[in-house]
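Novice: Residue numbers (my numbering): 5 to 143.
No residue lacks a Cβ here, since even glycine has one placed at the ideal position from N, Cα and C.
Every value quoted in this text rests on a predicted model; they were computed, and no experiment measured them.
Before anything else, here's the structure in question.
Shown next, in the form of structure tokens:
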């Protein structure tokens with residue numbers, strides 16, 4: 005597997021694991037903008053016209069129904085990965101609007117943030133999910 009493919013695979017696995025976790029939080033509202041898919045030039049032009057924006061964060065977590073929580077935007081990276089200048093600009097702008105803006109490269113850091121900001125508590129975090137697999141660092 006090429007190095008670029010391994011990077012995308014590691015980030016994709018992290019992304020899917022975080023989404024599985026978010027889906028288990030009752031009343032949570034979150035969204036993933038479809039920015040990374042390969043498209044024909046015509047579809048790319050249409051998506052841009054509809055508002056798809058390069059470098060937008062991977063996840064927007066708006067909150068939980070009935071709770072006053074700070075919204076969180078997340079740029080996901082492979083372990084050790086860094087945000088680009090364009091991605092950092094997005095995160096900085098959203099932070100200036102009151103969002104918690106994060107660059108996350110591992111599952112435990114995401115859980116730390118969710119717990120710190122009231123989305124989950126220690127009891128919820130310590131539950132064992134049957135379909136969860138331990139995180140294995142990619143070679």
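Is the stretch 97–111 touching the stretch 42–57, taking contact as three or more C-beta pairs under 8 angstroms?
Specialist: The stretch 97–111, when compared against the stretch 42–57, does not touch it at the 8 angstroms Cβ threshold.
Novice: Does DSSP put residue 14 in a helix, in a strand, or in coil?
Specialist: Helix, per DSSP.
Novice: Cα separation between residue 38 and residue 57?
Specialist: Straight-line Cα distance between these residues: approximately 9 angstroms.
Novice: Residue 68 to residue 108, Cα distance in whole Å?
Specialist: Cα-Cα distance, rounded: 21 angstroms.
Novice: Name the one or two DSSP bridge partners that residue 104 has.
Specialist: In the DSSP output, where bridge partners are listed per residue, residue 104 has 76.
Novice: DSSP state of residue 111, grouped into three classes?
Specialist: Note: residue 111 maps to helix in three-state DSSP.
Novice: Could you pull out every unbroken alpha helix (DSSP H) segment of at least 4 residues lying fully inside the stretch 16–88, listed in chain order?
Specialist: Listed in chain order, they are 45–53.
Novice: Could you check the C-alpha separation between residue 127 and residue 119 for me, to the nearest Å?
Specialist: Approximately 10 angstroms between the Cα atoms of the pair.
Novice: May I have the straight-line CA-CA distance separating residue 53 from residue 29, to the nearest angstrom?
Specialist: Approximately 33 angstroms, taken between the alpha carbons.
Novice: Would residue 24 be called buried (16 or more neighbouring beta carbons within 10 Å of its own) or exposed?
Specialist: Residue 24 is exposed by the Cβ-count criterion.
Novice: Please go through the same chain and pick out, in chain order, the residues whose beta-carbon is closer than 7 angstroms to the beta-carbon of residue 66, but skip the five residues on each side of it.
Specialist: So the qualifying residues of the chain are 33, 34, 75.
Novice: Taking the beta carbon of residue 20 as the centre, do at least 16 other beta carbons fall within 10 Å, making it buried, or is it exposed?
Specialist: With fewer than 16 Cβ atoms within 10 Å of its Cβ, residue 20 is classed as exposed.
Novice: Using only alpha-carbon positions, find the residue among 31, 115, 130 that is nearest to residue 18.
Specialist: Taking only the C-alpha atoms, the option nearest residue 18 is 115.
Novice: Let me know if residue 62 comes out buried or exposed under the rule of 16 or more other beta-carbons within 10 Å of its beta-carbon.
Specialist: Buried, since its Cβ has 16 or more Cβ neighbours within 10 Å.
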